[in-house]
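Colleague: For reference, the structure I am asking about is given below.
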């Protein structure tokens, strides 16, 4: 799905994305304070995607071809058919072996240290329930309702204001009231049609989504944690049962096992299951629902499903979704859909899986995705060393449309507004003033770079940098990227050190060491291994 009204990092207190940092690139005694300041600015904007329909790449919402009455008739037929069926999902899918970590409230997906408040700019019906508008008509929207409930739960936990709990209850109750009962499980129907990516694959109402199932599961689980009301636990349990049902034609189906034995939580399930969209971000958002439910109940089936969902992500991120050197794929059925917002969602999700599982492999996936296509909206000062520089203009496919060369007798600088991966090429810095205005120069350490600290990621858990034998230098910097201190070590054997944060500083990747002789220093990591 696409971004909601917040754009930024997860609701994980220690998880930071800072783009175009203007404050000090502080280390030493000020490092922790600066990191905390940055965290306070960015962790207030958790990853809360909405949709479908808010992004053209995702698809086109349409009024139901069957009409409202036809949709209700189809729902009734589904429930009648399901009353006599049973379709248990085989427990034969691949699984990881993680024991989930106990997360604090702010470490959980969607929770925020600041209030979301009420968004009056999005549609609500006369009772105050979140709705979705198509051609001026309001429709129920399971993901939007679950997400508004999650926002309100976060606000209630933060403030204690009863109005937030009431709002969460309204949206969650609408999900309950609209559920479809199939094979002892609750499913939440979309009452409008949706043309995937504007193409011929059309979800016909009523259709169902694994993402909606997962986010409703999170909302019900958290409402029960807060209120202790049995109806929310009952709703969570009934929703969880949808993850235990195998797909069947003509019945609500959001979970399947592919021919390779991997478990799919389908955001856009079609029949047969192999024709489904195979969407990454929706699968992972559904995984967060399983995390909430297994943390609440310790149900072994929920633990298995969560581990099955992670085994899927571990495999398919490297064998399908990742597109080395460029944007990751939104889905596997339509691999031409490449979108920078969804790419950002993907690597943020990997960081959250690190928090939930304790396995830094997920943060290594995040690192790889960031390297493939770093967040482009990075402003600052482009530094150009003495010598010759050739700058370019590109079309959307990375073809050169214009070029210009300059020779500098001494180092110079110019403002820039993008640090962007060009398709099929490296990372380029777009200049906005001077003789190269409108052109982009290739980022190259010590030749062309953005001054200071950019694209900072603070990880949810400490990681380890493996340092080979040899002589290595680490640095402290001021806000302009000038070195204020340095330290050099000589190692006769490989060593290691913990680090908490990575950033691109003056055009090269570096990590902030948190203990040992280099504590408080930024260590260039190009020759290192990050675990």
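Numbering (our numbering), first residue to last: 9 to 539. Beta carbons are placed, not taken as given, at the ideal position from N, Cα and C, and that holds for glycine.
DSSP state of residue 394, grouped into three classes?
Modeller: coil
Colleague: Pull up the distance between the alpha-carbon of residue 264 and that of residue 273, whole angstroms please.
Modeller: Distance between the alpha carbons of residue 264 and residue 273 is about 7 Å.
Colleague: Determine the direct distance from the alpha carbon of residue 324 to that of residue 361, and round the result to whole angstroms.
Modeller: 15 Å
Colleague: Hey, how far is the Cα of residue 276 from the Cα of residue 216?
Modeller: Approximately 7 Å, taken between the alpha carbons.
Colleague: Between which residues of its own chain and residue 508 is the CB-CB distance below 7 Å, once the five residues before and five after are set aside?
Modeller: 466, 467, 470, 520, 522
Colleague: Here's a check: name, in chain order, each residue in its chain whose Cβ is nearer than 7 Å to the Cβ of residue 512, leaving out the five neighbours to either side.
Modeller: 462, 463
Colleague: For residue 137 versus residue 182, is the C-beta distance shorter than 8 Å?
Modeller: It is a contact, given that the beta carbons lie within the stated cut-off.
Colleague: For a quick check, are the C-beta atoms of residue 439 and residue 399 less than 8 Å apart?
Modeller: yes
Colleague: Please tell me whether residue 458 and residue 390 are closer than 8 Å, where the distance is taken between their beta carbons.
Modeller: yes
Colleague: Is the beta carbon of residue 160 sitting closer than 8 Å to the one on residue 175?
Modeller: yes
Colleague: Should the segment 403-419 be regarded as contacting the segment 470-490, the criterion being three or more beta carbon pairs within less than 8 Å?
Modeller: Under the three-pair Cβ rule at 8 Å, the segment 403-419 does not count as touching the segment 470-490.
Colleague: Closest to residue 529 by C-alpha separation, out of 495, 501, 536, would be which residue?
Modeller: 495
Colleague: From which residue to which residue does the beta strand (DSSP E) around residue 518 run?
Modeller: 516-521
Colleague: Going by beta carbon distance, what residues of the same chain come within less than 7 Å of residue 355, once the five residues before and after it are set aside?
Modeller: In chain order, 374, 377, 378 place their CB closer than 7 Å to the CB of residue 355, counting only its own chain and leaving out the 5 sequence neighbours on each side.
Colleague: By alpha-carbon positions, which one of 117, 149, 503, 222 ends up nearest to residue 186?
Modeller: 149
Colleague: By Cβ distance, which residues of its chain are closer than 8 Å to residue 72, with the 5 residues on each side in sequence left out?
Modeller: 78, 79, 199, 200, 201, 212, 213
Colleague: Do you know how far the Cα of residue 396 is from the Cα of residue 531?
Modeller: Whole-angstrom Cα-Cα distance: 29 Å.
Colleague: Can the beta-carbon of residue 473 be found closer than 8 Å to that of residue 533?
Modeller: yes
Colleague: Helix, strand or coil: how does DSSP classify residue 175 here?
Modeller: helix
Colleague: Measuring only from the beta carbon, is residue 367 closer than 7 Å to any heavy atom that is part of the ligand PLP?
Modeller: The ligand PLP is absent from the structure shown, which contains no ligand whatsoever.
Colleague: Check for me: the beta strand (DSSP E) holding residue 79 runs from which residue to which?
Modeller: No beta strand (DSSP E) holds residue 79; the alpha helix (DSSP H) holding it covers 75-90.
Colleague: Just verifying my parser: in three-state terms, what is the DSSP assignment at residue 536?
Modeller: Of the three classes helix, strand and coil, the one that applies to residue 536 here is coil, per DSSP.
Colleague: Check the DSSP bridge columns for residue 455 and list the partner residues they point to.
Modeller: Its beta-bridge partners do not exist; DSSP assigns none.
Colleague: Under 8 Å, with one C-beta from each stretch per pair, do the segment 248-255 and the segment 298-312 reach the 3-pair mark?
Modeller: A contact between stretches requires three or more CB pairs, one per stretch, nearer than 8 Å, and the segment 248-255 meets this requirement with the segment 298-312.
Colleague: Alpha carbon to alpha carbon, how far is residue 333 from residue 208? Give it in angstroms, no decimals.
Modeller: 29 Å
Colleague: Throw me the rounded Cβ distance for the residue 447 and residue 401 pair, which I believe falls under 8 Å.
Modeller: 6 Å
Colleague: How far does the beta strand (DSSP E) with residue 425 in it extend, from its first residue to its last?
Modeller: 420-429
Colleague: Closest to residue 270 by C-alpha separation, out of 240, 320, 290, would be which residue?
Modeller: 320
Colleague: Between which two residues does the beta strand (DSSP E) containing residue 467 stretch?
Modeller: 461-475
Colleague: From residue 232 to residue 89, what does the alpha carbon distance come to, in whole angstroms?
Modeller: 31 Å
Colleague: Considering only residues of the same chain and omitting the five flanking positions on each side of residue 405, which have a CB-CB separation below 7 Å?
Modeller: Only 431 meet the Cβ criterion.
Colleague: Excluding five sequence neighbours on each side, which residues of the same chain lie with their C-beta closer than 8 Å to the C-beta of residue 166?
Modeller: 120, 121, 122, 123
Colleague: State buried or exposed for residue 169, treating a residue as buried only when at least 16 other CB atoms are found within 10 Å of its CB.
Modeller: exposed
Colleague: What did DSSP end up calling residue 485 once you bin it into helix, strand or coil?
Modeller: Strand, per DSSP.
Colleague: With burial defined as no fewer than 16 other Cβ atoms inside 10 Å of the residue's Cβ, what is the status of residue 499: buried or exposed?
Modeller: exposed
Colleague: Residue 94 to residue 191, Cα distance in whole Å?
Modeller: 6 Å
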